[in-house]
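Quick note, the sequence shown lines up with residues 1 to 255 if you use UniProt numbering.
Let me begin by presenting the structure, written as structure tokens, before commenting on it.
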Amino acid sequence: MIKGPEALRKLAESGRLLASVFRHLDTYDLAGLSTLRVNDIVEAFIVNDLHARPASKGQYGYAYALNASRNEVVCHGVPSASDVLRSGDIVNFDITLEKDGFIADSSKTYLIGEVAPSARRLVRVAYESLWKGIQAVRPGARLGDIGHAIARHAREHGCSVVEDYCGHGIGQKMHEPPEVLHWGRPGTGLPLREGMVFTIEPMINQGHRSVRTQADGWTVVTCDGAWSAQFEHTIAVTRQGARVLTLRPGEAWDR
């Protein structure tokens, strides 16, 4: 669970490379592209340009380099040639990358073309909720502090937090202890220690928090059809607080 200096160095490099994947994806006009085409763009960049591995491909039998979760899809959306992005959509791309045996994990929700104000607000609240959780990270804090900060912000803005999925420790394996819940009570849960590395990845719904898995066994959607948004970063606990290993260009983080 606790990573030493060399492991942290390698995780930071994987995180830096993963941030560059999103920078590359940001250069594309996504409207009119299928989610399978986006998957292929991302995989080619990771393999050919970064000389790394898309860590999601082959994990638990999953066949793709990313998850593409559009509108009412909460998470684990499977890329498809028939799933074409249109103006007005929102879509989360969840991407993992392995370099030199260490894995980074991050996601971003994109606004496609002219998006309704209610959807823009949802995406904003999801992004803010992620950062509320990150701001709670410091040695001696507890996992419940992270979840409480996230859920309080989301609920103050009329949104719900999905409770069926959570963040997780990460390192040489995609999923390691601890589980990082996106709700909770302050002062409860595992104490945070310097050298811990985990993801924070709240899924925020416009409507009720209830979700269901579709027949493909992967795609998770809201039960009420309301839209969902998500952002994710890989975080290391340092003496000063949180170090965002997957920080993307243009994101400001002041400890």
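Beta carbons are placed, not taken as given, at the ideal position from N, Cα and C, and that holds for glycine.
Original post:
If we count the other Cβ atoms within 10 Å of its Cβ and call it buried at 16 or more, is Gln-230 buried or exposed?
Top reply: buried
Original post:
Rounded to whole angstroms, how far is the Cβ of Gly-195 from the Cβ of Gly-144, which I believe are closer than 8 Å?
Top reply: Contact doesn't hold; Cβ gap of about 20 Å is too wide.
Original post:
How is Glu-194 classed by DSSP in three states: helix, strand or coil?
Top reply: coil
Original post:
For Gly-187, which three-state DSSP category applies?
Top reply: coil
Subject >> Run of the beta strand (DSSP E) containing Gly-169, from where it starts to where it stops >> reply: For Gly-169, the enclosing beta strand (DSSP E) stretches over residues 167-169.
**OP:** Note down, in chain order, each residue of its chain lying with its Cβ closer than 6 Å to the Cβ of Ile-146, except the 5 sequence neighbours on either side.
**Re:** Gly-133 and Ala-136
Original post:
What's the gap between the Cα of His-175 and the Cα of Val-237?
Top reply: Their backbone Cα atoms lie some 17 Å apart in a straight line.
Subject >> Proximal residues to Asn-39 (C-beta, below 8 Å), its chain only, five neighbours per side dropped >> reply: Tyr-64, Ala-65, Leu-66, Ala-68 and Pro-79
Original post:
In whole angstroms, what separates the C-alpha of Val-211 from that of Gly-101?
Top reply: Val-211 and Gly-101: Cα-Cα distance of roughly 33 Å.
Subject >> beta strand (DSSP E) segment containing Gly-241, residue limits >> reply: 241-244
**OP:** Kindly provide the ranges of any alpha helix (DSSP H) runs that are 4 or more residues long and lie completely inside the region 88-138, ordered along the chain.
**Re:** 117-135
Original post:
Mind checking Gln-206: buried by the 16 CB within 10 Å criterion, or exposed?
Top reply: buried
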